[in-house]
Amino acid sequence: MDATNLRLLKSMREQIRGKKSRAVYSGDAARELGMAPGSGRHAEYGFRLDALVKGGYLQPHPNPILRQQEVYLITDAGITIADEE
Numbered sequence: 194m195d196a197t198n199l200r201l202l203k204s205m206r207e208q209i210r211g212k213k214s215r216a217v218y219s220g221d222a223a224r225e226l227g228m229a230p231g232s233g234r235h236a237e238y239g240f241r242l243d244a245l246v247k248g249g250y251l252q253p254h255p256n257p258i259l260r261q262q263e264v265y266l267i268t269d270a271g272i273t274i275a276d277e278e
């Protein structure tokens, strides 16, 4: 995993630390890295999210309304790698 994907994942991991939910707001994490949805780096944001989903670190939220708001569920693998690195 490249450094930027890891930073994005770590930011999402921090959103749920100490909580029982696995729902993470990818847009909030992307803003922290300067690639907010709708910004000039929106394509990079989408590419990085796709990589995290394909890698098994995130899952699309099962609720279609939350999916539209770019909410994902962080997986056990996502939590593990974010905590290890």
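When we follow the working numbering, the leftmost residue of the sequence shown carries the number 194, and every step to the right adds one.
Quick reminder that beta carbons are idealized off the backbone N, C-alpha and C, glycines included.
Bear in mind that the values here come from a model prediction, so they are computed numbers and not experimental data.
Could you check whether residue j and residue i sit closer than 8 Å to each other, using their CB atoms as the reference points?
i	j	result
residue 198	residue 245	yes
residue 223	residue 201	yes
Grab the span of the beta strand (DSSP E) containing residue i for me, first residue to last.
i	result
residue 255	Per DSSP, residue 255 belongs to no beta strand (DSSP E) and is neither H nor E.
Quick check on the burial criterion: 16 or more other C-beta atoms within 10 angstroms. Buried or exposed for residue i?
i	result
residue 254	buried
residue 232	exposed
residue 270	exposed
residue 236	exposed
residue 275	buried
residue 241	buried
Along the chain, where does the alpha helix (DSSP H) that runs through residue i open and close?
i	result
residue 276	269-277
- With a cut-off of 8 Å, do at least 3 Cβ pairs link the region 214-227 to the region 253-270? yes
- Item | Whole runs of the alpha helix (DSSP H) within the region 210-243, excluding any shorter than 4 residues | 219-225
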